[in-house]
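Below: the structure, in structure tokens.
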Amino acid sequence: MVRVVCILALGLFSMAAFASSGYPVQSFSPGDYKAGIQNIDFAQNRDMTLFVANNLGVLSYNGTGWEVHSLRQGKKQRSLAFDENTNRLYVGSQGTFGYVEDDWRYVALEDSLPPAFRDFDEVWDVFVLDSNIYFCTFQQIFVYDGKTVQPVETSLRFNRSFLANGKLFTQTDKGRLLEVRGRTIADAYPQNLSNRIISGVVPFDQGYLLFYNSGEIEHTSSFGAKPAFGQLADALRGKYVNHVLKLSDTRLAIATQTAGIFLFDLRNQTFEIITKEDGLLTNACLRTFQDYSGNLWVGMQNGIAVVDINSPMRFVNKAIDLHGSGYEAFEAEEGTYFTTSNGIYFLPRSGSSCTFLKGTEGPAYGIQRIAGKLYAGHHTGLFLLERGEARRVAETDGMWQVKQLASQPQYAIGGTYSGLFLFRIGPKMELIPSGKIAGFEESSRFFEEDRQGHLWVGQFYKGLYRLTLSEDLKSARAEEVSASYPPPLDEQLILSKIDNDLYLSTRAGIFKIDPQSGKIAEAEIFAGEIGEQIVYLLAQDREQNIHVYAENSIGFYKQISPNNYAFIPSSLYQLRYSFNNDLLYVSVNTRQGVMFNANEGFIHYLPELESHVGKDRPLLISRVVNVTEGKELYARKPFSALPDSIGMIAVPARARVLRFDVEYFQFNSFSDKQFRY
Numbered sequence: 019m020v021r022v023v024c025i026l027a028l029g030l031f032s033m034a035a036f037a038s039s040g041y042p043v044q045s046f047s048p049g050d051y052k053a054g055i056q057n058i059d060f061a062q063n064r065d066m067t068l069f070v071a072n073n074l075g076v077l078s079y080n081g082t083g084w085e086v087h088s089l090r091q092g093k094k095q096r097s098l099a100f101d102e103n104t105n106r107l108y109v110g111s112q113g114t115f116g117y118v119e120d121d122w123r124y125v126a127l128e129d130s131l132p133p134a135f136r137d138f139d140e141v142w143d144v145f146v147l148d149s150n151i152y153f154c155t156f157q158q159i160f161v162y163d164g165k166t167v168q169p170v171e172t173s174l175r176f177n178r179s180f181l182a183n184g185k186l187f188t189q190t191d192k193g194r195l196l197e198v199r200g201r202t203i204a205d206a207y208p209q210n211l212s213n214r215i216i217s218g219v220v221p222f223d224q225g226y227l228l229f230y231n232s233g234e235i236e237h238t239s240s241f242g243a244k245p246a247f248g249q250l251a252d253a254l255r256g257k258y259v260n261h262v263l264k265l266s267d268t269r270l271a272i273a274t275q276t277a278g279i280f281l282f283d284l285r286n287q288t289f290e291i292i293t294k295e296d297g298l299l300t301n302a303c304l305r306t307f308q309d310y311s312g313n314l315w316v317g318m319q320n321g322i323a324v325v326d327i328n329s330p331m332r333f334v335n336k337a338i339d340l341h342g343s344g345y346e347a348f349e350a351e352e353g354t355y356f357t358t359s360n361g362i363y364f365l366p367r368s369g370s371s372c373t374f375l376k377g378t379e380g381p382a383y384g385i386q387r388i389a390g391k392l393y394a395g396h397h398t399g400l401f402l403l404e405r406g407e408a409r410r411v412a413e414t415d416g417m418w419q420v421k422q423l424a425s426q427p428q429y430a431i432g433g434t435y436s437g438l439f440l441f442r443i444g445p446k447m448e449l450i451p452s453g454k455i456a457g458f459e460e461s462s463r464f465f466e467e468d469r470q471g472h473l474w475v476g477q478f479y480k481g482l483y484r485l486t487l488s489e490d491l492k493s494a495r496a497e498e499v500s501a502s503y504p505p506p507l508d509e510q511l512i513l514s515k516i517d518n519d520l521y522l523s524t525r526a527g528i529f530k531i532d533p534q535s536g537k538i539a540e541a542e543i544f545a546g547e548i549g550e551q552i553v554y555l556l557a558q559d560r561e562q563n564i565h566v567y568a569e570n571s572i573g574f575y576k577q578i579s580p581n582n583y584a585f586i587p588s589s590l591y592q593l594r595y596s597f598n599n600d601l602l603y604v605s606v607n608t609r610q611g612v613m614f615n616a617n618e619g620f621i622h623y624l625p626e627l628e629s630h631v632g633k634d635r636p637l638l639i640s641r642v643v644n645v646t647e648g649k650e651l652y653a654r655k656p657f658s659a660l661p662d663s664i665g666m667i668a669v670p671a672r673a674r675v676l677r678f679d680v681e682y683f684q685f686n687s688f689s690d691k692q693f694r695y
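Sequence positions in the sequence shown follow this note's numbering and run 19 to 695.
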């Protein structure tokens, strides 16, 4: 299967166009929503409740759970439209159409039609336009003005209809484009293609793009029609295009019968594909819908999915032939190197898939540039990385990472499984092994040099050490600093350098080290948001953002001015179970954003895309139940107007337990709601 993705949109690799989408996808099976397999239309009301046309009824989703409404028709539901002016949900079904109001009371409208027009089959499309409701079938189009239903004046037979740029378009059963104007039908724009069914009409460049089931694309305007976007059309050929949706940005969502969802950027003319490999239940996608929060919902032949297409994060893993749990990524001039639990991979700058570097089998760790050359720590020692190849330059008892000494820049120190290892920089600016540094035997995954030239080692299980190196750097005197401090400074320590200062992440918050006195005190900058949480990661990227992964929060501190930071909660929280929690790490040597290591590959994260724009969508109480007596004290009707004033609910003295049912569409993930009281 060809998987086409615009990696330029990620800004991570300068690749041509082909790889995985990596968008977060949540799928709902028929077992989740307890209804039929097929879902072919969506709508959303003012309270953000989502409605889905299912072959066994209308589904509603309020952010916490699904409900199924049969409407007492016994008919398959085909199309939906919500009218905010009347607070009605209009429904098109098999042989019937109407609306839902109050507490799911269905009102059929076809009975008011003249008998000659009542024999129709599926109402495939419903549109709200200029205070009229249009119910579109293949035999006729019906117009409801709020009082009466009238057919349009035509003898033609139709296929699917479309609302685009304030105009209602339909087509003949042979695919000729028409415009619906009130109750009349008129020819629309010219076409070069005939006997092809249109699947989408999209406003573009003073005209319209016509998408056909065949995958062909035309641009039509008053000046004529011509083929458009040939590369996309080639990719769509044979996939059977079901539906095309213009998104809120410059992209189109194209639902296909056999190849999933295509996301096409009209501006960059690049596209991505979302398929079963990304989390869809099937590649047979019937329709898409963008909700008020910008998420993309997908109605499928067998289920429903929601895709966070505006997510600041993408998965980077097996879709580019990158395998194993990730550790670090480093973007060099020739391409990107990845260290994983399997070894070291290389992705050429112009390539679409990774190459495994032979000889690097086994866990690989930190990547650093020293004296212009790139090195990677490994289970067997240290590797030099250049021109897409890896060469071992030292065999040691493991090598977590290597760092150049600021106090003596002609040397570098490597942290191993059992202490520290010394390197000198040779005449060719390449690291030359000098030997193990005596006097310290602890695993040294986290170590930093302070301004005085001391080395600090945070040993996760044993504590914090300060090392003073001998003059020849061959030995060290170690002082266990944490021994003089009570918990939480005795173990589970992670050492980090932020703005050239040393910090400790602990099981009770973040602390700052004073290198001169050796004293450790609570870091005030993090006290407010992080407090006494367990902190698993603290790192600063090249944009001066400080990334924090704590027990109950993930986010970053954005620098506003020197010593002034604002905390931004991160969408990464919903993916926290995907992180490589065994050896949690964040890579900062990428051209844009950072890369968090994951159980499978990496998560590419762009902090600048993190959006926390406030929405006027408060948490909504839909029902209050007196659990003690099994009585409903309050219930909001889904299609009734919201109260314009605060009301009182009488709660009897015998009510020991109350249950509040809430509706909320600002959540961290679909299976893990995060509310604050």
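We treat Cβ as the ideally placed atom computed from N, Cα and C, and that holds for glycine.
>> Tell me the rounded alpha-carbon separation between S544 and S514.
In response: Against the sequence shown, residue 544 aligns to sequence position 526. Against the sequence shown, residue 514 aligns to sequence position 496. The question names Ser, but residue 544 in the sequence shown is Phe. When rounded, the distance between both Cα atoms is 14 Å.
> Near S78, what residues of its chain come up, given a Cβ to Cβ distance below 6 Å and the 5 sequence neighbours on each side ignored?
Replying inline: Residue numbering aside, residue 78 sits at position 60 when the sequence shown is read from its first letter. Cβ within range, chain order: T67, F69, E85.
> From L491 to L556, what distance separates their C-alpha atoms?
Replying inline: What you label residue 491 is simply residue 473 of the sequence shown in a count that begins at 1. What you label residue 556 is simply residue 538 of the sequence shown in a count that begins at 1. About 29 Å.
> For V109, which residues does DSSP report across the bridge?
Replying inline: Residue numbering aside, residue 109 sits at position 91 when the sequence shown is read from its first letter. Paired residues: L98, G116.
> Beta-carbon separation of G377 and H397 under 7 Å?
Replying inline: For the purposes of this step, residue 377 is identified with residue 359 of the sequence shown, where counting begins at 1. For the purposes of this step, residue 397 is identified with residue 379 of the sequence shown, where counting begins at 1. No, the pair does not count as a contact, with Cβ atoms beyond the cut-off.
> What is the residue span of the alpha helix (DSSP H) that L250 lies within?
Replying inline: Start at 1 with the first residue of the sequence shown, and residue 250 comes out as number 232. Residues 248-254.
>> Let me check understanding here. Comparing Cα to Cα, which of L298, T357, T190 lies closest to Y603?
In response: Looking up residue 603 in the sequence shown gives position 585. Of the candidates L298, T357, T190, the one whose C-alpha sits nearest the C-alpha of Y603 is T357.
> Mind checking F464: buried by the 16 CB within 10 Å criterion, or exposed?
Replying inline: Residue 464 sits at position 446 when you count from the first residue of the sequence shown. Burial call: buried.
>> Under DSSP, the beta strand (DSSP E) around A412 begins and ends at which residues?
In response: Stepping through the sequence shown from its first residue, residue 412 is reached at position 394. DSSP places A412 inside the beta strand (DSSP E), whose first and last residues are 407-413.
> How would you label R594, buried or exposed, when you count the other beta carbons within 10 angstroms and need 16 or more for buried?
Replying inline: On the sequence shown, position 576 is the one that residue 594 refers to. Counting Cβ neighbours within 10 Å, R594 comes out buried, since at least 16 surround it.
>> I'd like the list of long-range same chain contacts for T114, defined as Cβ closer than 7 Å, with 5 residues on each side in sequence excluded.
In response: Walking along the sequence shown from the start, residue 114 turns up at place 96. Hits under 7 Å: Q91, K93, A126, E128.
> DSSP on A53, reduced to helix/strand/coil?
Replying inline: For the purposes of this step, residue 53 is taken as residue 35 along the sequence shown, with counting starting at 1. Look at A53 here: in three-state DSSP terms it is coil, with no helix or strand label.
> E647 to L676, Cα distance in whole Å?
Replying inline: Position 629 of the sequence shown, counted from the first residue, corresponds to residue 647. Position 658 of the sequence shown, counted from the first residue, corresponds to residue 676. When rounded, the distance between both Cα atoms is 10 Å.
>> Can you find the residues in the same chain that come closer than 6 Å, C-beta to C-beta, to S523, ignoring five residues on each side of it along the sequence?
In response: Residue 523 sits at position 505 when you count from the first residue of the sequence shown. Only I512, V553, L556 meet the Cβ criterion.
> Who pairs with H472 in a beta bridge, going by DSSP?
Replying inline: What you label residue 472 is simply residue 454 of the sequence shown in a count that begins at 1. Answer is none; H472 lacks a bridge partner.
> DSSP state of A696, grouped into three classes?
Replying inline: Since the first residue of the chain shown is 19 and the last is 695, residue 696 is not available in this structure.
> Where do the N-terminal and C-terminal ends of the alpha helix (DSSP H) with E542 fall, by residue?
Replying inline: In the sequence shown, residue 542 corresponds to position 524, counting from 1. Element bounds for E542: 542-545.
> So, helix, strand or coil for P221, using DSSP?
Replying inline: Position 203 of the sequence shown, counted from the first residue, corresponds to residue 221. It is a strand residue.
>> In the DSSP assignment, the beta strand (DSSP E) including Q510 goes from what residue to what residue?
In response: Indexing the sequence shown from 1 puts residue 510 at position 492. Counted as a single uninterrupted DSSP element, the stretch harbouring Q510 is not any beta strand (DSSP E), since DSSP gives it neither H nor E.
> Would DSSP call V680 helix, strand or coil?
Replying inline: Residue mapping note: residue 680 aligns to position 662 of the sequence shown, counting from 1. In this structure, V680 counts as strand in the three-state DSSP scheme.
> Helix, strand or coil for I667 per DSSP?
Replying inline: Taking the first residue of the sequence shown as position 1, residue 667 is located at position 649. In this structure, I667 counts as coil in the three-state DSSP scheme.
> How would you label I572, buried or exposed, when you count the other beta carbons within 10 angstroms and need 16 or more for buried?
Replying inline: Reading the sequence shown from its first residue, position 554 is the one you call residue 572. Classification for I572: buried.
> Does the distance from the CB of A430 to the CB of Q422 come in under 7 Å?
Replying inline: As a working mapping, residue 430 is identified with position 412 in the sequence shown. As a working mapping, residue 422 is identified with position 404 in the sequence shown. With respect to the 7 Å criterion, A430 and Q422 are classified as neighbours on the basis of their beta carbons.
> On the premise that G317 lies in contact with N57, defined as a C-beta separation below 8 Å, what is that separation, rounded to the nearest angstrom?
Replying inline: Residue 57 sits at position 39 when you count from the first residue of the sequence shown. Residue 317 sits at position 299 when you count from the first residue of the sequence shown. At roughly 4 Å, the Cβ-Cβ gap stays under 8 Å, so N57 and G317 are in contact.
> Roughly how many angstroms lie between the CA atoms of Y695 and Q168, to the nearest whole one?
Replying inline: For the purposes of this step, residue 695 is taken as the residue at position 677 of the sequence shown. For the purposes of this step, residue 168 is taken as the residue at position 150 of the sequence shown. Residue placement at Y695 is flagged as unreliable, the pLDDT there being 30, under the threshold of 50; the coordinate-derived value follows with that caveat. Taking the straight line joining both Cα atoms gives about 51 Å.
>> Suppose contacts are defined by Cβ-Cβ distances below 7 Å. Is E547 in contact with F585 by that definition?
In response: Indexing the sequence shown from 1 puts residue 547 at position 529. Indexing the sequence shown from 1 puts residue 585 at position 567. Against a cut-off of 7 Å, the Cβ pair of F585 and E547 comes out as a contact.
>> At 4 residues or longer, what runs of the alpha helix (DSSP H) sit wholly inside the region 149-178?
In response: The region 149-178 contains no whole alpha helix (DSSP H) run of 4 or more residues.
> Using the C-alpha atoms, what's the distance from A668 back to K52?
Replying inline: The residue you call residue 52 lines up with position 34 of the sequence shown. The residue you call residue 668 lines up with position 650 of the sequence shown. Near 34 Å, if we compare the C-alpha coordinates of A668 and K52.
> Is E128 helix, strand or coil by DSSP?
Replying inline: On the sequence shown, residue 128 is found 110 positions in, with the first residue counted as 1. In this structure, E128 counts as helix in the three-state DSSP scheme.
> Can you list, in chain order, the residues of its chain whose CB lies under 7 Å from that of Y503, leaving out five sequence neighbours each side?
Replying inline: Position 485 of the sequence shown holds residue 503. The answer, listed in chain order, is I538.
> Helix, strand or coil: how does DSSP classify V675 here?
Replying inline: For this step, residue 675 is matched to residue 657 along the sequence shown. Coil at V675, not helix or strand.
>> Please identify the residue among A273, P427, D121 whose C-alpha is closest to the C-alpha of R305.
In response: Residue numbering aside, residue 305 sits at position 287 when the sequence shown is read from its first letter. Of all alpha-carbon atoms in A273, P427, D121, the one lying nearest the alpha-carbon of R305 is that of A273.
> In angstroms, rounded to a whole number, what distance separates the CA positions of T300 and T104?
Replying inline: Translated into positions along the sequence shown, residue 300 becomes position 282. Translated into positions along the sequence shown, residue 104 becomes position 86. Taking C-alpha positions only, T300 is separated from T104 by approximately 36 Å.
> Three-state secondary structure (DSSP) at Q419?
Replying inline: Taking the sequence shown and counting its residues from 1, one reaches residue 419 at position 401. Strand.
> Is the region 401-410 close to the region 429-446, with three or more CB pairs under 8 Å?
Replying inline: Contact between the region 401-410 and the region 429-446 is absent: fewer than 3 CB-CB pairs across the two stretches fall below 8 Å.
> Mapping DSSP to helix, strand and coil, what is D600?
Replying inline: Translated into positions along the sequence shown, residue 600 becomes position 582. Looking at D600 - three-state DSSP - the assignment turns out to be coil, as it is neither helix nor strand.
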